[in-house]
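Student: The structure follows.
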Amino acid sequence: MDPIPLVHASLGKQELAAVEEVFASEWTAGQGPRGKALEKELAERYGVADAVTLSSCAAALHLALLALGVGPGDEVIVADYTFPAPAHAARYVGAVPVFADARPDTGTVDPQAVADLIGPRTVGVIAVDTVGLPADYAELEALTGRHGLFLIEDAACAVGATYRGRPAGALAPIGALSFHGRKGITSGEGGALLAADPAIGADVRLRSSFGIGSIFDKSQTIGLPIPEFTEVGYNYKLSDIAAAILQVQLGRIEELLERRNAVAARYAELLGGEELLTLPHVPDDRTHAWQSYLVALDPGVDRAGVAAELRGQGIGCGHGTWASHTQPVYEAKQTCPVSADLFARQLAIPMHAELTVDQAERVSHALRTALRNHSVRRPSAVPATSTDSANQEGAS
Ligand SMILES: *Cc1c(COP(=O)(O)O)cnc(C)c1O
């Protein structure tokens, strides 16, 4: 049987045609005509003052913290249950990441956990739209507002998601998007920063380009203006080749999201009622972008065994995301028990816009069978009370 990959980027003829046009043009590097057009389209779509296209979401987070003046001695509260880019960003600028635990039902950062961690050195919060589900921005905004802290939304996985009718990416004064190959829309690698404050956008754009303005702009002027370096900036620009791909992808968000939604709906039908797993929970006031589809396995199920059985049948799967504080690089002395529990029990099953309903059915059937083959208890028996096996599995 054909393999069913965990992820697959939806790139095709339209994107190729857009790339051909760039090849035929005079400008392939960053901050050229395509990049500028994409920035305008992003700012309009998201209703923000400025959008800066960048080489990655990690670059957006790094430059956001620099623009906000974060540095050594500062503490940044970051969502724990996520790809650990927010904590890395804090470390890039010499600040200390402080890890906030997750809500058990959604995996997004728990506003109460954030509140409990605010101290004299806290300068701000990086919330994450966990695998595509927006966090609790009403509570987070109230909290950060009350304490005079900045709030950044890491919407890397959430292109197309909404919270109370507003688009993910524009739910905080600063938003960071990723266009990595595993996200909702992609140019292979890429990212963007969305800013409500035009001064932040301008600062980030300058730092993304070595600390000088757009070389393309300079090349268009009459005369010979000599650009000056005003910052030790980075080279975090998005190429115009990638920007052209993203202009096409931006127009396909709804189409691609509709297909992911259909897969999620089919999984919910086929896996609903399965007592050995918990399906993703989406609160009524928000929508999911389904960057990943994560199910939580019963504590009595051997997750590594389930994964091996699925992979043996060509069905892609993975552990989902990370409990950041457990990663050796941070040497964190904290615990985030909810995040650690999700990290130990969640399983990512295939989710992308090219997945067919037939494939979703095959995945669901194989998963139900594998759960039974790797459960320490017989389904319908008395639920296990010990979580020992889940704890051991955290090492897998
Ligand atoms: C994937 C991801 C990132 C990293 O995005 P890049 O564009 O690869 O830098 C950052 N944050 C979260 C939450 C992610 O899932």
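Everything in the sequence shown is counted per the UniProt record's numbering, starting at 1 for the first residue and increasing by one. Just so you know, even glycine gets a beta-carbon here, dropped at the ideal spot from N, CA and C.
Whole angstroms are fine: how far does the CA of threonine 356 sit from the CA of valine 19?
Tutor: 28 Å
Student: Jot down the residue ranges of each uninterrupted beta strand (DSSP E) in the region 26-87, minimum 3 residues, whole runs only, in chain order.
Tutor: Listed in chain order, they are 50-54 and 75-79.
Student: Given this structure, state the Cα-to-Cα distance separating threonine 369 from arginine 311, to the nearest angstrom.
Tutor: 13 Å
Student: Check whether the region 119-129 and the region 297-314 are in contact - that is, three or more C-beta pairs closer than 8 Å.
Tutor: no
Student: Strictly by DSSP, which residues pair up with serine 214?
Tutor: Paired residue(s): none; serine 214 is not in a bridge.
Student: Tell me whether the beta-carbon of alanine 135 lies closer than 8 Å to the beta-carbon of threonine 162.
Tutor: no
Student: Taking the alpha helix (DSSP H) that residue 441 belongs to, which residues open and close that run?
Tutor: In the structure as shown, the chain starts at 1 and stops at 396, and residue 441 therefore has no counterpart that could be examined.
Student: When we look at the beta-carbon of glutamate 258 and count the other beta-carbons within 10 Å, is it buried (16 or more) or exposed?
Tutor: exposed
Student: Over what stretch of residues does the alpha helix (DSSP H) that includes aspartate 154 continue unbroken?
Tutor: Membership of aspartate 154 in any alpha helix (DSSP H) is not indicated; the residue belongs instead to the beta strand (DSSP E) covering 150-154.
Student: In angstroms, rounded to a whole number, what distance separates the CA positions of threonine 230 and valine 204?
Tutor: Straight-line Cα distance between these residues: approximately 13 Å.
Student: Can you find the residues in the same chain that come closer than 6 Å, C-beta to C-beta, to alanine 58, ignoring five residues on each side of it along the sequence?
Tutor: For alanine 58, where only same-chain residues beyond five positions count, the Cβ hits under 6 Å are Ala85.
Student: Taking DSSP's pairing of strands, which residues face tyrosine 163 in a bridge?
Tutor: Arg166 and Arg286
Student: Answer yes or no: the CB of alanine 192 versus the heavy atoms of ligand 1, is any distance below 7 Å?
Tutor: For ligand 1, not one heavy atom lies less than 7 Å from the Cβ of alanine 192.
Student: Helix, strand or coil for alanine 158? Go by DSSP, reduced to three states.
Tutor: coil
Student: Expressed to the nearest angstrom, what Euclidean distance is found between the alpha-carbon atoms of leucine 270 and glutamate 361?
Tutor: 7 Å
Student: Do you know whose CA, among Ile77, His288 and Asp285, lies nearest leucine 149's CA?
Tutor: Cα-wise, what sits closest to leucine 149 is Ile77.
Student: Could you tell me if proline 337 is buried or exposed, where buried requires 16 or more neighbouring beta carbons within 10 angstroms of its beta carbon?
Tutor: If you draw a 10 Å sphere on the C-beta of proline 337, you find fewer than 16 other C-beta atoms in it, and that means exposed.
Student: In its own chain, which residues sit with a C-beta less than 6 Å from the C-beta of phenylalanine 83, not counting the 5 before and 5 after it?
Tutor: Thr321
Student: Under the assumption that serine 55 contacts leucine 238 (Cβ atoms under 8 Å), give the Cβ distance between them as a whole number of angstroms.
Tutor: Serine 55 to leucine 238, Cβ: 6 Å. Contact.
Student: Roughly how many whole angstroms lie between the Cα atoms of glutamate 275 and histidine 325?
Tutor: 30 Å
Student: Decide if the region 193-212 is in contact with the region 14-28; the criterion is three or more beta carbon pairs, one per stretch, under 8 Å apart.
Tutor: No, the region 193-212 does not touch the region 14-28.
Student: First and last residue of the beta strand (DSSP E) that includes leucine 177?
Tutor: 174-178
Student: In the structure shown, what three-state DSSP assignment does glutamine 220 receive?
Tutor: The answer is helix: DSSP assigns glutamine 220 an H, G or I state.
Student: State the Cα-Cα distance for the pair histidine 88 and glycine 69, rounded to the nearest angstrom.
Tutor: 16 Å
Student: How would you label alanine 116, buried or exposed, when you count the other beta carbons within 10 angstroms and need 16 or more for buried?
Tutor: One point to set straight first is that residue 116 is aspartate, not alanine, in the sequence displayed. With fewer than 16 Cβ atoms within 10 Å of its Cβ, aspartate 116 is classed as exposed.
Student: Determine the extent of the alpha helix (DSSP H) in which alanine 202 is found, giving its start and end residues.
Tutor: Residues 198-207.
Student: Quickly, what does DSSP pair valine 98 with across the bridge? List them, please.
Tutor: DSSP lists Ile77 as partners of valine 98.
Student: Contact defined as beta carbons within less than 8 Å: I believe alanine 90 pairs with valine 96. What is the distance between those atoms, to the nearest angstrom?
Tutor: 7 Å
Student: Excluding sequence positions up to five away, which residues of its chain have a Cβ less than 8 Å from the Cβ of threonine 221?
Tutor: none
Student: Return the chain-ordered list of same chain residues with a C-beta closer than 8 Å to the C-beta of alanine 43, the five sequence neighbours on each side being excluded.
Tutor: Ala49, Asp50, Ala51 and Leu194
Student: Kindly identify the DSSP beta-bridge partner or partners of lysine 237.
Tutor: Paired residues: Leu54.
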